[in-house]
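Right, dumping it as structure tokens:
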């Protein structure tokens, strides 16, 4: 595990984030790209759930979901979200706060085309976050979609796609014994330049 100098952090968090994501993806654990997505709805009710990181660059972190889900409704209302990555094996975490935007149509189409056909059918069949009578109902809806598309390529549903969480604020945290942890926060200014501050843990 590479060491990072928290007394002299880089001007931008991107290199550290990329390194930690790469290291995390190599861990022998299920879903090493899992992240916790926190939102607040129009009534001020907070909610958190696990989604998977499917992209990352200077514009932010990308994940995919149903555009009509509860999380999507909350993000549409507030326009913002927070994300947490935690790797217990390396005692590290990254926290992001940012604005929400949909990924480009061609990006979402390309990602959907790479999914397993069964996952593609599930995306069409699932009325995510809505009431479901029983599993048999869901499975019959999947079979209906299988018949609908037969052996043809399955297109991306218009109600399904990707979101990007911008890097308005990024905190990188490294755990140490006796809770003497390292922690740095970067905040992005309007011109895209980051301001960084070391924080007490």
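Numbering (the working numbering), first residue to last: 4 to 204.
Positions of the beta carbon are idealized from the N, C-alpha and C atoms, including for glycine.
Pair within 9 Å by beta-carbon distance, residue i and residue j
i: residue 14; j: residue 182; result: no
i: residue 42; j: residue 77; result: yes
i: residue 219; j: residue 84; result: Residue 219 is absent from the structure shown; the chain starts at 4 and stops at 204.
i: residue 151; j: residue 189; result: no
i: residue 57; j: residue 40; result: no
i: residue 35; j: residue 175; result: no
i: residue 110; j: residue 38; result: no
i: residue 9; j: residue 185; result: yes
i: residue 159; j: residue 115; result: yes
i: residue 69; j: residue 162; result: yes
Residue i (DSSP reduced to helix, strand or coil)
i: residue 166; result: strand
i: residue 117; result: helix
i: residue 26; result: helix
i: residue 202; result: coil
i: residue 161; result: coil
i: residue 140; result: helix
i: residue 21; result: helix
i: residue 55; result: strand
i: residue 112; result: helix
i: residue 101; result: strand
i: residue 107; result: coil
i: residue 1; result: Look at the range of the chain in this structure, 4 to 204, and you will see that residue 1 is not part of it.
i: residue 33; result: coil
i: residue 179; result: coil
Cβ-Cβ separation, residue j to residue i (assumed contact under 8 Å), whole Å
i: residue 65; j: residue 165; result: 5 Å
i: residue 20; j: residue 97; result: 6 Å
i: residue 101; j: residue 44; result: Contact doesn't hold; Cβ gap of about 18 Å is too wide.
i: residue 196; j: residue 12; result: With a Cβ gap of about 14 Å, residue 196 and residue 12 do not count as contacting.
Cβ-based neighbour list, residue i, same chain, cut-off 7 Å, excluding 5 preceding and 5 following
i: residue 149; result: 124
i: residue 80; result: 44 and 45
i: residue 1; result: Past the edges of the chain, shown from 4 to 204, lies residue 1, and the structure says nothing about it.
i: residue 132; result: 72 and 73
Own chain residues within Cβ distance below 6 Å of residue i, not counting five before or after
i: residue 92; result: 30
Own chain partners of residue i with C-beta closer than 8 Å, once the 5 adjacent residues on each side are dropped
i: residue 147; result: 128
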